[in-house]
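Residue numbering for the sequence shown follows this note's numbering, starting at 21 and increasing by one per position. We put the beta carbon where it would ideally sit given N, CA and C, even for glycine. In what follows, a structure is listed as structure tokens, so that the remarks can point back to it.
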Amino acid sequence: GQSSGDWAVVLVHDNGPGIHKRDFERVFDIHYTTKDDGCGMGLDICRSIASSVRRGERAGSVRVRRSILLAGATFEIRLPL
21 GQSSGDWAVV
31 LVHDNGPGIH
41 KRDFERVFDI
51 HYTTKDDGCG
61 MGLDICRSIA
71 SSVRRGERAG
81 SVRVRRSILL
91 AGATFEIRLP
101 L
């Protein structure tokens with residue numbers, strides 16, 4: 021993690037198949053999954069929790085920061101301090 025101004029920024033990297041750029045927002049949709057046994061709730065829950073962290077007008081967020089197909093994705097979680 022790191023501090024960027026008045027924000028805490030946490031980067032999380034996985035070693036999965038990566039995410040195509042066209043799906044960067046779609047992966048946060050409830051029930052969206054690419055796994056046979058997945059329920060598609062994990063990233064939706066993460067985004068809901070992050071956005072519930074508020075300081076004045078600022079709210080937390082989660083986004084796909086970077087993805088390399090077949091090599092994984094990096095997610096950025098930003099929380100206001």
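Here DSSP, grouped into helix, strand and coil, assigns G92 to strand.
Per DSSP, the continuous beta strand (DSSP E) segment holding L31 begins and ends at 27 to 33. D49 and A93 do not touch by the CB rule: their CB atoms are close to 16 Å apart, not below 8 Å. In the three-state reduction of the DSSP assignment, I97 falls in the strand class, which pools E and B. Residue environment for L99: buried (at least 16 other C-beta atoms within 10 angstroms of its C-beta).
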